[in-house]
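J.: Handing you this structure, nothing more for now.
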Amino acid sequence: MSTRHSRLYRWLDERLALSALSDFLLNEPMPGGPSFWYVFGSSLFFILLMQALTGVMMLFYYAPTMDHAWESIRYMMEEVPFGSFIRGLHHWGASAMIIMAILHITQVFVWGAYKRPRELTWLAGLTAFGTVLGFAWTGYLLPWDQLSYWGTIVGTEIIGTVPLVGEPLATFLKGGGAIGAQTLSRFYAIHIWLLPAIIFTVIGLHLYLFRKQGVAGPFSGTVQELERNKGFFFPRQFFFDVIAAMLIFLILVYLAMFHPPELRSPANPSLAPAHVAPEWYFLFLYQLLKYFPKEWIVVGTTIIPGIMALALVGLPFYDRNPERHPLKRLRALSIFFLVLCAMAVLTYLAILSAPETLTPDPELALKGKQIYQESGCTSCHQIHGQGGSVGPDLSYEALAGRSPDWIRQHFRHPDQVVEGSIMPSAAELGLDEDDIEALTHFMFSLK
Numbered sequence: 050m051s052t053r054h055s056r057l058y059r060w061l062d063e064r065l066a067l068s069a070l071s072d073f074l075l076n077e078p079m080p081g082g083p084s085f086w087y088v089f090g091s092s093l094f095f096i097l098l099m100q101a102l103t104g105v106m107m108l109f110y111y112a113p114t115m116d117h118a119w120e121s122i123r124y125m126m127e128e129v130p131f132g133s134f135i136r137g138l139h140h141w142g143a144s145a146m147i148i149m150a151i152l153h154i155t156q157v158f159v160w161g162a163y164k165r166p167r168e169l170t171w172l173a174g175l176t177a178f179g180t181v182l183g184f185a186w187t188g189y190l191l192p193w194d195q196l197s198y199w200g201t202i203v204g205t206e207i208i209g210t211v212p213l214v215g216e217p218l219a220t221f222l223k224g225g226g227a228i229g230a231q232t233l234s235r236f237y238a239i240h241i242w243l244l245p246a247i248i249f250t251v252i253g254l255h256l257y258l259f260r261k262q263g264v265a266g267p268f269s270g271t272v273q274e275l276e277r278n279k280g281f282f283f284p285r286q287f288f289f290d291v292i293a294a295m296l297i298f299l300i301l302v303y304l305a306m307f308h309p310p311e312l313r314s315p316a317n318p319s320l321a322p323a324h325v326a327p328e329w330y331f332l333f334l335y336q337l338l339k340y341f342p343k344e345w346i347v348v349g350t351t352i353i354p355g356i357m358a359l360a361l362v363g364l365p366f367y368d369r370n371p372e373r374h375p376l377k378r379l380r381a382l383s384i385f386f387l388v389l390c391a392m393a394v395l396t397y398l399a400i401l402s403a404p405e406t407l408t409p410d411p412e413l414a415l416k417g418k419q420i421y422q423e424s425g426c427t428s429c430h431q432i433h434g435q436g437g438s439v440g441p442d443l444s445y446e447a448l449a450g451r452s453p454d455w456i457r458q459h460f461r462h463p464d465q466v467v468e469g470s471i472m473p474s475a476a477e478l479g480l481d482e483d484d485i486e487a488l489t490h491f492m493f494s495l496k
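One gets this note's numbering by counting positions in the sequence shown from 1 and adding 49 to each.
Structure representation (structure tokens):
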């Protein structure tokens with residue numbers, strides 16, 4: 050270090066205690082030595098910081114109103130340089146954060162690192178995980194597209210089934226009796242103000258407790274062996290953490306560039322999609338609810354999730370056995386992984402039950418466009434500013450979340466599919482099944 054830099058460092062160190070801070074951050078003792086098994090927590094923190102950065106960048110363009118939310122996202126993705134990439138990082142970062150949180154909780158459970166004296170560290174981690182889920186749910190509505198709008202309706206209805214507090218909480222979140230401007234404002238405020246304040250406070254507490262109690266270390270080996278093999282956070286564990294963060298970032302960059310998130314058609318309160326489903330991390334609950342009749346729905350929305358949550362919260366208090374080795378805790382591990390497997394199976398079944406999609410054939414789509422024009426559909430429907438306004442705007446019909454079968458049936462019997470529809474049926478227009486198929490391909494080309 051040059052003399053000038055040395056003087057500057059000493060000057061800052063006298064006032065900010067940089068040496069003490071550096072020692073606190075980098076010289077963390079690690080019984081048993083550094084390991085790749087310890088990267089999950091720091092990786093989760095890296096993703097959280099990336100989410101905060103990309104979120105702030107999107108705030109420069111996002112307008113949290115019913116009239117402008119969807120259009121501001123569209124503008125960001127299509128007009129702003131790197132806007133689609135930034136939104137892609139934020140979108141896939143949400144999934145990465147949940148995956149990493151699950152891996153971190155699983156690793157802590159398997160290592161038995163929740164046991165005394167780390168009970169409060171465990172509870173702080175669970176609170177952070179719940180906040181991460183809150184981020185994912187509140188952020189889902191903000192694009193104000195068709196699926197997020199109707200998905201939030203389903204989500205608030207599920208909350209409303211919780212005994213005693215459900216209905217008041219659902220009404221508060223909606224800002225009234227229906228999803229609208231108040232809902233968007235409240236979800237926006239919760240997403241960018243309340244939840245960040247909670248999660249950074251909780252993570253600060255989590256890190257303080259983590260450093261106070263120290264690293265739990267491997268679940269095997271005597272105290273003497275762990276002390277003999279002890280290492281420090283810097284440089285080896287720091288290197289492991291940086292490698293993990295770089296790998297995660299490269300994966301997210303790939304997903305953001307080559308699999309950008311879709312922006313569905315604008316929210317339409319008067320026309321529900323044929324299929325409404327949440328993001329993948331809530332699919333297990335969505336599938337679980339299918340197995341309960343309406344009078345028993347509270348079992349799926351409250352009792353089963355409540356039991357799971359209480360079991361995790363109470364874990365360090367009823368599991369007081371100091372033994373940490375997984376092979377000596379087979380019953381606890383079996384139950385834990387059985388629950389994880391059940392959630393994975395429910396998620397898989399929900400994915401299988403999703404309706405078919407259709408990739409439009411260019412020739413059929415062109416034929417469908419000609420039929421659309423020749424049949425006079427332009428007098429009632431608008432596509433990107435061209436056409437009438439009697440019927441729904443079809444500019445983004447392919448992104449509306451409707452299945453090909455729903456579209457076909459709508460052409461065949463519009464009044465049966467949409468109550469009160471004044472649209473003439475295919476038979477009344479002299480269209481056959483081939484024409485209906487061509488029109489369906491044309492609808493799926495509109496995005």
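Cβ coordinates follow ideal geometry from the N, Cα and C atoms, glycine included.
Nearest by alpha-carbon distance to THR521: which of LEU389, ILE432, GLU63 and PRO453 is it?
T.: No information on residue 521 is available, as it lies outside the stretch 50 to 496 that the chain covers here.
J.: Have a look at THR408, PRO463 and ALA399 and flag the residue whose alpha-carbon is nearest the alpha-carbon of TYR330.
T.: Closest option to TYR330, Cα to Cα, is ALA399.
J.: Let me know the secondary structure DSSP gives PRO404 once reduced to three states.
T.: Residue state for PRO404 is assigned as coil, using DSSP reduced to three classes.
J.: When you compare only the Cα positions, how much space is there between GLY20 and THR427?
T.: The chain is shown from 50 up to 496; residue 20 falls before or after that span and cannot be answered.
J.: Between PRO322 and chain C, is there a C-beta pair that is closer than 7 Å?
T.: No chain C is part of this structure, which consists of one protein chain only.
J.: How many Å lie between TYR111 and ALA118 at the Cα?
T.: Those two C-alpha atoms are separated by around 6 Å.
J.: With distances taken between CB atoms, is the gap from ALA326 to TYR335 smaller than 7 Å?
T.: yes
J.: What do you get for ALA145, buried or exposed, if any count of 16 or more other CB atoms within 10 angstroms of its CB means buried?
T.: buried
J.: My assumption, with CB atoms under 8 Å, is that PHE281 sits in contact with PRO78. Please give the rounded CB distance.
T.: 6 Å
J.: What runs of the alpha helix (DSSP H), each 4 residues or longer, lie entirely inside the region 61-87?
T.: 67-75
J.: Pick helix, strand or coil for ILE471, following the three-state DSSP scheme.
T.: If DSSP states are grouped into helix, strand and coil, ILE471 belongs with coil.
J.: In this structure, what does DSSP give as the bridge partners for PRO315?
T.: ASP194
J.: With H, G and I counted as helix, E and B as strand and the rest as coil, what does DSSP make of ILE432?
T.: strand
J.: Over what stretch of residues does the alpha helix (DSSP H) that includes PRO499 continue unbroken?
T.: Since the first and last residues shown for the chain are 50 and 496, residue 499 lies out of range.
J.: With DSSP collapsed to three states, give me the class of GLY437.
T.: coil
J.: Whole angstroms are fine: how far does the CA of PRO310 sit from the CA of GLU127?
T.: 12 Å
J.: Give the secondary structure of PHE341 by DSSP, where H, G and I count as helix, E and B as strand, and everything else as coil.
T.: Coil.
J.: For LYS416, which residues from the same chain have a beta carbon less than 6 Å from its beta carbon, with the 5 sequence-adjacent residues on both sides left out?
T.: ALA487
J.: For PHE184, I'd like the list of residues in its chain whose CB is within less than 6 Å of its CB, leaving aside the five on either flank, ordered along the chain.
T.: LEU244
J.: Among the candidates GLY137, GLY436, THR250 and GLN286, whose CA atom is the shortest distance from the CA of GLY266?
T.: GLN286
J.: Note down the Cα distance separating TYR296 from TYR303, rounded to an integer number of angstroms.
T.: In the sequence under discussion, the amino acid at residue 296 is Leu, which differs from the Tyr named in the question. Our two residues, LEU296 and TYR303, have alpha carbons roughly 11 Å apart in a direct line.
J.: Taking three-plus beta-carbon pairs below 8 Å as touching, is the region 168-186 in contact with the region 152-159?
T.: By the C-beta criterion, the region 168-186 is judged to be in contact with the region 152-159, since at least 3 inter-stretch pairs fall below 8 Å.
J.: Report the three-state DSSP secondary structure of GLY270 (helix, strand or coil).
T.: Here GLY270 sits in coil by DSSP.
J.: Tell me which residues share the same chain as ILE207 and place their Cβ nearer than 7 Å to its Cβ, disregarding the 5 neighbours each side in the sequence.
T.: THR350
J.: Quick one: residues in its chain with C-beta nearer than 7 Å to the C-beta of LYS418, no 5 flanking neighbours on either side, listed in chain order?
T.: Correct list, in chain order: PHE491.
J.: Quick check: GLY96 and GLY142, are their CB atoms within less than 7 Å of each other?
T.: According to the sequence provided, residue 96 is Ile. The question's Gly does not apply to it. For ILE96 and GLY142, yes; Cβs fall inside 7 Å.
J.: For PHE281, list the residues DSSP reports as bridge partners.
T.: PRO78
J.: Nearest by alpha-carbon distance to SER314: which of GLY425, PHE283 and PRO441 is it?
T.: PRO441
J.: How long is the line joining the alpha carbons of LEU218 and LEU338, rounded to whole angstroms?
T.: 20 Å
J.: Measuring only the C-alpha atoms, how far is PHE386 from LEU258?
T.: Cα to Cα, PHE386 sits roughly 27 Å from LEU258.
J.: I'd like the span of the alpha helix (DSSP H) that includes ARG156, first residue to last.
T.: Checking the sequence, you will find Gln at residue 156 rather than Arg. 132-160 is the extent of the alpha helix (DSSP H) around GLN156.
J.: Considering just the uninterrupted stretch of the alpha helix (DSSP H) at GLY215, what are its terminal residues?
T.: Segment 215-223, the alpha helix (DSSP H) holding GLY215.
J.: Determine whether the beta carbon atoms of PRO409 and PHE493 lie at a separation below 7 Å.
T.: yes
J.: Closest to ILE148 by CA distance: which of ILE202, MET306, TRP160 and PHE89 is it?
T.: PHE89
J.: Enumerate in chain order the residues of its own chain whose CB-to-CB distance from THR187 is below 6 Å, with the five nearest sequence positions on each side excluded.
T.: PHE236, ILE239 and HIS240
J.: Within its chain, find whatever has a CB closer than 7 Å to the CB of THR103; leave out the 5 residues flanking it on each side and keep chain order.
T.: ILE135, LEU138, HIS139 and GLY142
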